[in-house]
Structure formats: structure tokens, C-alpha cells
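Each number in the numbering used here comes from the position in the sequence shown (counting from 1) with 239 added on.
This report refers to the structure that appears directly beneath it.
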Amino acid sequence: MREKLSNFFKKDGFYIILFICVCIVAISAVVASRGNLRNISEKPQEGEDLVILKEDLEDEETIEIAKIETQDETGGGAEEVAAADDVMTIIEDEHEYEKENNAETAPIYTLEEYNETVEMAAPVIGSIGTDYTEDSLIYSETLDEWTSHCGVDIMAPEGTQVMAALSGTVQEVYEDPLWGIVVILSHGENLQTKYAGLSEDGLIGEGITVNKGDVIGRIGKPSPVEMLMESHLHFEVIEDGISINPNRYLPSFMYSN
240 MREKLSNFFK
250 KDGFYIILFI
260 CVCIVAISAV
270 VASRGNLRNI
280 SEKPQEGEDL
290 VILKEDLEDE
300 ETIEIAKIET
310 QDETGGGAEE
320 VAAADDVMTI
330 IEDEHEYEKE
340 NNAETAPIYT
350 LEEYNETVEM
360 AAPVIGSIGT
370 DYTEDSLIYS
380 ETLDEWTSHC
390 GVDIMAPEGT
400 QVMAALSGTV
410 QEVYEDPLWG
420 IVVILSHGEN
430 LQTKYAGLSE
440 DGLIGEGITV
450 NKGDVIGRIG
460 KPSPVEMLME
470 SHLHFEVIED
480 GISINPNRYL
490 PSFMYSN
């Protein structure tokens with residue numbers, strides 16, 4: 240029996256060993272394949288996580304892009320509103336500028352502000368007839384007496400245009416029993432100019448704003464208090480209700496004759 244086994248192993252032992260090796264290799268392969276299958280079954284979960292993260296990232300990018308596009312759209316509207324606001328601001332600034340310019344056309348004066356540095360416009364193109372008196376008296380042919388004269392009489396033909404000596408507002412227009420038709424311009428709360436002996440023709444109305452040199456009326460017939468004189472304008476400068484010397488402010492050419 241032993242001899243048979245010995246012969247068997249001698250004859251077929253190589254095949255047996257080969258078979259055993261093949262079995263071992265096969266078993267190892269099966270075990271390894273099971274491990275790989277287990278690993279593969281676990282990896283898709285990681286892959287799915289990666290896919291989800293990528294999709295989430297793409298969604299976030301899409302959201303960000305949508306936000307940017309929305310901001311562009313809303314931003315464009317905001318820019319249009321801002322542009323409209325800028326236009327309105329420019330228009331308002333232009334309106335304020337026009338108001339300031341209009342205000343400058345009729346400035347408010349006090350004698351302290353311009354004193355003798357700002358020259359008045361000639362109320363009438365003519366020459367001085369009866370001058371202003373402060374401490375002395377002059378003889379009035381109409382009154383036949385010596386009296387003071389609180390303004391200047393500027394000689395000019397009847398119908399000659401009378402102009403505003405300074406910019407201001409027409410404060411009063413009235414007819415006085417002594418001075419005839421009178422216009423008083425206000426140049427501020429402290430300063431006025433008075434124009435007496437006017438005609439009804441072309442007479443300005445109360446409340447109108449005038450610029451220096453604007454026509455406010457025409458010379459009329461001599462006023463009752465100076466009716467024996469030739470046609471002229473009686474002109475006064477009044478500060479704080481008191482007539483002051485107009486010669487300090489009227490153009491020098493009026494005194495050349």
C-alpha cells in the first residue's frame with residue numbers, strides 16, 4: 240500500500256501540488272475580488288457626495304450669477320433714478336441761480352453800503368436848476384418867500400423820460416396837492432428816491448421792480464409849489480425819512496453847465 244502511494248505521489252504529485260496552488264490562487268482571487276467589490280460599493284457614496292457638492296457649487300454659482308444680473312437690472316434702474324435726481328438737482332440749481340440773478344437786478348441799498356462810491360443814474364437828462372439847500376434858504380417865486388429846498392430841480396422839457404436813479408421797487412405812486420404826481424422808489428428799508436412833477440403819460444405802477452436807468456414816467460407840467468418855473472423834475476434822496484443832499488450821488492456831468 241505504501242508503495243502504491245509512493246508511486247502515486249511520484250507519478251502524479253506534481254499535478255496535485257499544481258492543483259493545490261491553483262486552488263489557493265483562486266481562493267485568494269475570490270477574497271480579493273470581494274474586498275474590491277466592498278470598496279467599490281463604498282466609493283460611489285463618496286462620488287455621490289462629490290457630485291452633490293459640485294451640483295451645489297454650480298447652483299451657488301447660478302444663484303450668484305442671478306444675483307449679479309438682478310443687481311445689474313436693478314442697478315440700472317437705480318442709476319436712471321440717480322441720473323434723474325442729478326438732472327432735477329441741476330434744474331433746481333439753475334432756478335436758484337436765476338432767482339439770485341433776479342434778486343441782483345434789484346439790490347437793496349443803504350447809504351453806508353455805497354456811500355459816495357456808487358453813482359446814481361441821472362433821473363433826467365438835463366441840468367440842475369434849483370439846488371439842494373441844507374442850512375440856507377432860497378427864494379421861491381411861486382411862494383414869494385424864502386424857503387428851504389429839500390431836493391434838486393433838474394431842468395428838462397415836458398415829456399422827457401424820467402429814469403430810476405437806482406434799482407428798487409415802486410413803493411408809492413400818488414398825486415400830491417403841492418408836488419403833483421409823485422413816484423417813490425424803495426431801495427431798501429432805509430433808502431428812497433422821490434420823483435415829483437410827473438405826467439400821467441407812461442406812468443409806472445406800484446409794486447413793480449425796476450433796474451437802475453429804467454423809465455418810470457415822463458416830466459409833466461410844473462407842480463403847484465413850483466408852477467412859475469420852467470418844466471423840470473423835482474428829485475429827492477431820502478434816508479430814514481429825512482431828505483439828504485442828492486449832489487453826493489448824482490453824476491458829475493449834470494453839474495457841468
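Don't be surprised by glycine CBs; every beta carbon is placed ideally from N, CA and C.
Asked                                                                                         : Found
Where S366 sits in the DSSP three-state scheme                                                : strand
Through-space distance from I458 to T399, alpha-carbon basis                                  : 5 Å
Beta-carbon proximity check, M402 vs P461, cutoff 9 Å                                         : no
Separation of M493 from E414, as counted between CA atoms                                     : 27 Å
Boundaries (first-last residue) of the beta strand (DSSP E) holding M402                      : Q400 to M402
Distance, I420 Cα to G441 Cα                                                                  : 12 Å
Assumed close pair E478, L430 - CB separation to whole angstroms, cut-off 8 Å                 : 6 Å
With 16 other Cβ atoms within 10 Å as the buried cut-off, status of M466                      : exposed
With 16 other Cβ atoms within 10 Å as the buried cut-off, status of I259                      : exposed
CB of V409 within 9 Å of CB of I447, strictly                                                 : yes
Bridge partner(s) assigned by DSSP for E475                                                   : K433
Contact check, I443 vs K433, beta carbons under 9 Å                                           : no
Simplified DSSP assignment, three categories, for E428                                        : coil
Local Cβ density within 10 Å of A265, reported as buried at 16 or more and exposed below that : exposed
For M359 and A404, believed in contact at Cβ under 8 Å, the rounded distance                  : 4 Å
Through-space distance from E439 to V464, alpha-carbon basis                                  : 18 Å
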